[in-house]
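In terms of numbering that gives the first Met the number 0, the sequence shown is residues 0 to 394.
Ideal placement from N, C-alpha and C gives every residue a C-beta, glycine not left out.
Remember, it's a predicted structure, so these values are computed and weren't measured experimentally.
First the structure, in the form of structure tokens, and then the observations on it.
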Amino acid sequence: MKFENAVIPVDQIWSSPFVRWQGSLADVSSIDVAVAVTRDALAARRVNPEEIDGLVVGMTIPQPNCFYAAPWIASQLGVPGLTGPVIAQACATSVASLASAAAQIELEGRGTKLVVTTDRTSNGPLLVYPRGDGMGGAPATEHWVLESFRADPNTGQSMVHTAENVGREGKISRAALDELTLQRWHQYQDALKDDRAFQRGYMQEIVVPRGKLKALRVEADEGVHAYSAEGLASLRPVSPDGITTFGSQTHPADGCAGAIVTSRAQSVARDGGGTARLLSVAFAREGKAQMPKAATRAAQVAMEETGLSFDQLKCVVTHNPFAVNDIWFAQQTGYSLARMNVFGCSLIYGHPQGPTGLRGIAELIHTLLRAGGGIGLFTGCAAGDTGAALVIRVD
0 MKFENAVIPV DQIWSSPFVR WQGSLADVSS IDVAVAVTRD ALAARRVNPE
50 EIDGLVVGMT IPQPNCFYAA PWIASQLGVP GLTGPVIAQA CATSVASLAS
100 AAAQIELEGR GTKLVVTTDR TSNGPLLVYP RGDGMGGAPA TEHWVLESFR
150 ADPNTGQSMV HTAENVGREG KISRAALDEL TLQRWHQYQD ALKDDRAFQR
200 GYMQEIVVPR GKLKALRVEA DEGVHAYSAE GLASLRPVSP DGITTFGSQT
250 HPADGCAGAI VTSRAQSVAR DGGGTARLLS VAFAREGKAQ MPKAATRAAQ
300 VAMEETGLSF DQLKCVVTHN PFAVNDIWFA QQTGYSLARM NVFGCSLIYG
350 HPQGPTGLRG IAELIHTLLR AGGGIGLFTG CAAGDTGAAL VIRVD
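Below, the structure is given as structure tokens:
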């Protein structure tokens, strides 16, 4: 899917800090977090909510009142006449949400769309399904988060098994995974330098009211462990005879992210600032239990749409729940591992599902800004052996 007119003003994309699951946000609705962070982000970026004419909400885990998610969020932001779709596509939700907003811009020729993505993996809901044929009418139950993590119903295999399958095919060693994971951790440390100067370019702190004269405040990522070569080497594989450990895979988290998507003309008229032009979006699916491959395949399709080659990319950011993902990408595209995720990635700071991709895209835009502009790629895998990718040009 190619775009000609959809842009993100470079100062109008943001992400909250990510909080490791069962941390500070464990008992806070992801809708409440989204409202608080979005309200503050719009105010800090001098965006008048009344100028917004469309809303896209991305979330994958049910929360109280999520049946009314889009109009409920809009009402709390002070724009009660606003509504829009709610999109859930597992870890591809951010790209799908941006694509929806961008498609509206392309069709209308103008407009200002707000994209809000949010999720809480902590304290996932326990769903109860009535079952008349059960003994005594006993219901069936499903823990939304844990059951989804456990196995893909299409293959019967967990996500970590997909990493092992791709690792074997790519002849990837345990040592290579540990080495890359440590590299990604050092890259994340670069984002924390100078009092988190890089992260402060896009990160919006979380301030959620919690009673009279009280507020829950989270200013930076919470729950990121320290990494070392010795520590990584000491971990046992998750699967017997496997190569992936709890060090070389991501951890579940809570958080939210957002962006304004508008037309090129309106973005320039708004403040004359830089823009991130959306060039193409692509989705792809790989064979059964081959999930890490899908990020690479989606990237290849997105690049084919633009007519560009991988050596024309100034940087790449990935949602990489497994270190295997990046190594497979480098093997298939020839792109340098050192030029990917230069300020960290979800492998290190965690994965709240819906907003993970949008945070990665915010980091991609700000990395390109620091490099003087250019073309960049975001790509990531998603449940069901799928992947989603986005190519942008920062002017």
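Coil, strand or helix - residue i by DSSP
i    : result
K170 : coil
D253 : strand
V426 : Past the boundaries of the shown model lies residue 426; the chain is included only from 0 to 394, so the question cannot be answered.
P84  : coil
E285 : coil
M58  : coil
P63  : coil
T243 : coil
A25  : coil
A381 : strand
G386 : strand
P236 : strand
V78  : coil
K292 : helix
A89  : coil
Beta-carbon proximity list for residue i, same chain, < 6 Å, skipping 5 on both sides
i    : result
S279 : K1, A301, E304, T305, V390
A219 : P16
A388 : A281, A297, A298, A301, T378
G22  : E221, G222
Those residues which DSSP pairs with residue i across a bridge
i    : result
K1   : S279
M158 : BP columns for M158 are empty, so no partner.
I374 : R392
L125 : H142
D132 : Bridge partners of D132: none, in fact.
G359 : G359 pairs with nothing; no bridge assigned.
S262 : A5
E221 : V18
M202 : S14
T274 : P8
Endpoints, the alpha helix (DSSP H) within which residue i is located
i    : result
A139 : Not the alpha helix (DSSP H): A139 falls in the beta strand (DSSP E), residues 139-142.
Y348 : 345-348
P48  : No alpha helix (DSSP H) holds P48; DSSP gives it neither H nor E.
T317 : Note, T317: premise wrong, no alpha helix (DSSP H); beta strand (DSSP E) at 314-318.
I205 : Careful: I205 lies outside any alpha helix (DSSP H), inside the beta strand (DSSP E) at 205-208.
I72  : 68-75
S247 : It is not in any alpha helix (DSSP H) - S247 carries neither H nor E in the DSSP assignment.
R195 : 192-199
D325 : 322-332
Q311 : From DSSP, Q311 is part of no alpha helix (DSSP H); its letter is neither H nor E.
S335 : Element bounds for S335: n/a, residue is neither H nor E.
A95  : 92-107
Sequence-distant residues of its chain with Cβ nearer than 8 Å to residue i (five each side left out)
i    : result
T249 : N319, P320, F321, S345, L346, I347, G349, H350
W71  : I30, N64
V32  : S15, L24, T117, R119, I205, V207, D253, G254, C255
A293 : A283, R284, E285, C380, A381, D384, T385, G386
I51  : V78, L81, T111, K112, L113, I259
M339 : C314, V315, V316, T317, D325, F328, A329
L125 : T140, E141, H142, W143
Span of the beta strand (DSSP E), counted from its first residue to its last, around residue i
i    : result
W13  : 12-14
A214 : 214-217
P152 : Here P152 belongs to no beta strand (DSSP E), and DSSP marks it neither H nor E.
V115 : 111-119
Counted within 10 angstroms of its Cβ, other Cβ atoms place residue i as buried (16 or more) or exposed
i    : result
M397 : With the chain running from 0 to 394 in the structure shown, residue 397 is simply not present.
H142 : exposed
T140 : exposed
D253 : buried
Q311 : exposed
E49  : exposed
N4   : buried
S335 : exposed
P251 : buried
H160 : buried
V9   : buried
E229 : exposed
S227 : exposed
R405 : In the structure as shown, the chain starts at 0 and stops at 394, and residue 405 therefore has no counterpart that could be examined.
L176 : buried
7 Å CB neighbourhood of residue i in its chain, flanking five on each side removed
i    : result
I171 : I242, V323, I326
A35  : I205, V206, V207
Q75  : V34
G55  : Position check: residue 55 holds Val in this sequence, whereas Gly was assumed. Counting only Cβ-Cβ distances below 7 Å, and skipping sequence neighbours, we find G83, P84, I86, S96, S99, A100, K112, V114.
R296 : A283, E285, G386
T59  : A87, A89, T92, D118, Q352, G353
V127 : P138, T140
I46  : Per the sequence presented here, residue 46 reads as Val, with Ile not at that position. Cβ within range, chain order: Q11, I259.
Residue i CB to nearest heavy atom of the ligand ATP below 6 Å
i    : result
D220 : Among the ligands in the structure shown, none appear at all, so the ligand ATP cannot be discussed.
CB contact check: residue i to chain C, cutoff 7 Å
i    : result
A174 : Protein chain content of the structure displayed is limited to a single chain, and chain C is not contained in it.
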